[in-house]
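> Have a look at the structure that comes next, please.
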Amino acid sequence: MRWDKAGVPHKGWQYIGVEDLGEYVEAGEPINYEQCEMCGNEKIRYVHLLEHPDYHGEIRVGCVCASNMIDDYIDPKESERELRNRANRRKNFMKQEWRFKSDTGNYTLRYKGNYITIMKSKFNSNWGVIFKGKQLWKYNGRRITDLHTAKAVAFNLFDELYESHEQIQPHWDGERWVYY
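Per the UniProt record's numbering, residue 1 is the first one in the sequence shown, and the count goes up by one each step.
Quick look at the structure:
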């Protein structure tokens, strides 16, 4: 625990974002929770990422510690609430029944009045998502390599457009999805 450790600032941290450790965990699978690096709380699903000019690297903490450490207008509780809501929307979306069209080999879904199509490439093992007249074979610079990932991309596209356009959004930082 670092609240009592010398050299670890208690205030003045900058908010990088928040990571949802359970976002891509399937129902019934265990979530790999983390431990707060400040207080030692051992069951953190939503990890808030902070940095400080007087501290090397980032620190991974829970909501309460993040609220106490940042000097910003960002509310970690609000960020966490938005992520919980997004996780519920994603869970509901992923439960939807996609129709397989044997003549084309495509999967289609009518969701909240919108049609989304997922198709396998004729040229390689990649998948594509068609939504709102756009075909995507990559999402955030990464190929869509399987049906499950294609469904997750379809959710992200729909959610960014309709549900969470004013909320924090996912961004790939080269290693992980971070929300800010």
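All C-beta atoms in this analysis are idealised placements derived from N, C-alpha and C, irrespective of residue type, glycine included.
Model, not experiment: these values are computed from the prediction.
Between S79 and V18, is the Cβ-Cβ spacing less than 7 Å?
Yes, the pair counts as a contact, with Cβ atoms nearer than the cut-off.
> In the DSSP output, what is L50 paired with across the bridge?
L50 is bridged to Y15, I59.
> Tell me the rounded alpha-carbon separation between N88 and V178.
Cα-Cα distance, rounded: 18 Å.
> Buried or exposed for G62, please, with buried defined as at least 16 other CB atoms from any protein chain shown within 10 angstroms of its CB.
Buried, by the Cβ-count rule.
> Pop quiz: T145 and S125 are said to be a contact at Cβ under 8 Å. What is the actual Cβ separation, rounded to whole angstroms?
Indeed they touch by this definition, with Cβ atoms about 7 Å apart.
> Give a yes or no on whether the C-beta atoms belonging to L50 and I44 are separated by under 7 Å.
Their beta carbons are not under 7 Å apart, which means L50 does not touch I44 by this criterion.
> Out of T149, M119, R142, H148, state which residue places its alpha-carbon closest to the alpha-carbon of Q135.
Of the candidates T149, M119, R142, H148, the one whose C-alpha sits nearest the C-alpha of Q135 is M119.
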